Amino acid sequence: EPEVTQTPSHQVTQMGQEVILRCVPISNHLYFYWYRQILGQKVEFLVSFYNNEISEKSEIFDDQFSVERPDGSNFTLKIRSTKLEDSAMYFCASTTDRRNEQFFGPGTRLTVL
Amino acid sequence: AQSVAQPEDQVNVAEGNPLTVKCTYSVSGNPYLFWYVQYPNRGLQFLLKYITGDNLVKGSYGFEAEFNKSQTSFHLKKPSALVSDSALYFCAVRGNSGNTPLVFGKGTRLSVIA
Numbered sequence: 001e002p003e004v005t006q007t008p009s010h011q012v013t014q015m016g017q018e019v020i021l022r023c024v025p026i027s028n029h030l031y032f033y034w035y036r037q038i039l040g041q042k043v044e045f046l047v048s049f050y051n052n053e054i055s056e057k058s059e060i061f062d063d064q065f066s067v068e069r070p071d072g073s074n075f076t077l078k079i080r081s082t083k084l085e086d087s088a089m090y091f092c093a094s095t096t097d098r099r100n101e102q103f104f105g106p107g108t109r110l111t112v113l
Numbered sequence: 114a115q116s117v118a119q120p121e122d123q124v125n126v127a128e129g130n131p132l133t134v135k136c137t138y139s140v141s142g143n144p145y146l147f148w149y150v151q152y153p154n155r156g157l158q159f160l161l162k163y164i165t166g167d168n169l170v171k172g173s174y175g176f177e178a179e180f181n182k183s184q185t186s187f188h189l190k191k192p193s194a195l196v197s198d199s200a201l202y203f204c205a206v207r208g209n210s211g212n213t214p215l216v217f218g219k220g221t222r223l224s225v226i227a
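Sequence order for the protein chains is A and B.
For the first sequence, our numbering gives the first residue as 1, with consecutive numbering after it.
For the second sequence, our numbering gives the first residue as 114, with consecutive numbering after it.
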């Protein structure tokens with residue numbers, strides 16, 4: 001059964017460093033998403049991406065964040081200059097149609113020191 | 114603005130007993146409603162959804178949920194709980210217009226005791 005994959009599973013970085021989180025969505029999916037979950041808190045929407053552009057973004061997704069689909073299979077989230085409060089689990093998701101359920105990857109745990 | 118409320122942080126139930134995990138929502142227009150389950154150190158797994166049609170929807174692992182428009186609720190149920198059902202359960206909602214994002218509740222931890 002096809003699934004969303006994410007790498008790395010755990011990323012440790014120093015405050016102020018850039019990180020790139022990578023996702024490979026399910027191959028025939030058209031809509032792509034990033035969410036984050038701070039430890040013990042709820043899952044929060046960051047950004048949605050369709051047709052090679054951002055279709056929606058939350059207040060969390062400020063100028064430090066960017067997304068890219070560089071090669072038709074990968075979907076990346078870049079944090080330009082990480083802050084301590086960026087420490088969280090980051091989930092990628094994809095779907096065929098925005099009305100349908102989203103399929104989530106296993107997540108990348110980002111720890112900013 | 115969209116919102117989801119899961120009023121219980123924790124639900125404890127004995128194995129074999131029925132379980133209910135509560136969810137209420139607020140959204141403009143007709144809702145698309147979802148339940149996801151999260152096991153330790155894993156991503157979110159889709160359980161079931163309500164888009165339109167029959168108010169009672171059945172999903173994976175014997176779970177079901179009932180959409181109640183007047184009460185704006187979408188409670189998750191299972192007739193007979195298993196120890197393996199112990200996990201974190203998230204209710205989520207989005208509106209049916211435009212690119213409104215999926216909004217999650219804070220989650221309810223279900224513990225099924227043998």
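In this text, a Cβ means the ideal position worked out from N, Cα and C, and glycines have one as well.
Just so it is clear, the structure is predicted and the values come from calculations on it, not from any experiment.
Roughly how many angstroms separate the alpha carbons of Thr7/A and Gly172/B, rounded to a whole number? For the purposes of this step, residue 7/A is identified with residue 7 of the first sequence, where counting begins at 1. For the purposes of this step, residue 172/B is identified with residue 59 of the second sequence, where counting begins at 1. Cα to Cα, Thr7/A sits roughly 29 Å from Gly172/B.
Nearest to Asp97/A by alpha carbon, out of Tyr50/A, Ile60/A, Ser87/A? Translated into the one-based positions of the first sequence, residue 97/A becomes position 97. Looking at the Cα atoms, Tyr50/A is the closest of the given residues.
Where the beta strand (DSSP E) containing Met15/A begins and where it ends: The residue you call residue 15/A lines up with position 15 of the first sequence. Run containing Met15/A: none; DSSP gives neither H nor E here.
Please classify Gln123/B as buried or exposed, where buried requires at least 16 neighbouring CB atoms within 10 angstroms. In the second sequence, counting from the first residue as 1, residue 123/B sits at position 10. Exposed, since its Cβ has fewer than 16 Cβ neighbours within 10 Å.
Interface residues of the segment 188-214 of chain B facing chain A [CB-CB below 9 Å]: Phe203, Ala205, Arg207, Asn209, Gly211, Asn212, Thr213, Pro214
Residue range of the unbroken beta strand (DSSP E) whose run includes Phe45/A: In the first sequence, counting from the first residue as 1, residue 45/A sits at position 45. Per DSSP, the unbroken beta strand (DSSP E) holding Phe45/A starts and ends at 43-50.
Anything in chain A within Cβ reach of Phe101/B, meaning under 9 Å, just list it in chain order. The requested residue 101/B does not occur in the structure, where chain B is confined to residues 114 to 227.
From Pro144/B, Lys219/B, Ala227/B, residue whose alpha carbon lies closest to that of Gln119/B: Locating residue 119/B in the second sequence gives position 6, counting from the first residue. Closest option to Gln119/B, Cα to Cα, is Lys219/B.
For Lys190/B, the residue or residues it bridges with in DSSP: Along the second sequence, read from residue 1 onward, the residue named residue 190/B stands at position 77. In DSSP, Lys190/B forms a bridge with Thr133/B, Glu177/B.
Give a yes or no on whether 8 Å exceeds the smallest Cβ distance from Ser87/A to chain B. Locating residue 87/A in the first sequence gives position 87, counting from the first residue. By the rule that beta-carbons nearer than 8 Å mark a contact, Ser87/A does not touch chain B.
Starting from the beta carbon of Arg118/A, find every residue of chain B whose beta carbon is closer than 7 Å, and list them in chain order. Absent from the structure is residue 118/A, since the part of chain A shown begins at 1 and ends at 113.
Does the beta-carbon distance from Val43/A to Phe203/B come in below 8 Å? In the first sequence, the residue the question calls residue 43/A occupies position 43. In the second sequence, the residue the question calls residue 203/B occupies position 90. Yes, the pair counts as a contact, with Cβ atoms nearer than the cut-off.
Determine, using beta carbons only, whether Gly105/A and Met89/A come nearer to each other than 8 Å. Position 105 of the first sequence, counting from 1, holds the residue named residue 105/A. Position 89 of the first sequence, counting from 1, holds the residue named residue 89/A. Their beta carbons are not under 8 Å apart, which means Gly105/A does not touch Met89/A by this criterion.
List, from N- to C-terminal side, the beta strand (DSSP E) runs of 3 residues or more that fit wholly inside the segment 32-112 of chain A. 43-50, 53-57, 65-68, 75-79, 88-95, 108-112
Compute the distance between the beta-carbons of Ser66/A and Phe45/A, then report whether it is under 8 Å. In the first sequence, counting from the first residue as 1, residue 66/A sits at position 66. In the first sequence, counting from the first residue as 1, residue 45/A sits at position 45. Not a contact, by the Cβ cut-off of 8 Å.
Three or more C-beta pairs closer than 8 Å, one from the segment 128-146 of chain B and one from the segment 77-92 of chain A: is that the case here? no
Residue span of the beta strand (DSSP E) that contains Pro144/B, given as start and end: Residue mapping note: residue 144/B aligns to position 31 of the second sequence, counting from 1. Unbroken beta strand (DSSP E) run through Pro144/B: 144-151.
Out of Ser73/A, Asp62/A, Leu113/A, Ser55/A, state which residue places its alpha-carbon closest to the alpha-carbon of Ile26/A. Here residue 26/A is taken as the residue at index 26 of the first sequence, counted from 1. Minimum Cα distance to Ile26/A is reached at Ser73/A.
DSSP-derived helix/strand/coil call for Val196/B: Your numbering for residue 196/B matches position 83 in the second sequence. If DSSP states are grouped into helix, strand and coil, Val196/B belongs with the helices.
Looking at the unbroken beta strand (DSSP E) that takes in Lys171/B, where does it start and where does it end? For the purposes of this step, residue 171/B is taken as the residue at position 58 of the second sequence. It spans 169-171 - the beta strand (DSSP E) in which Lys171/B sits, taken as one unbroken run.
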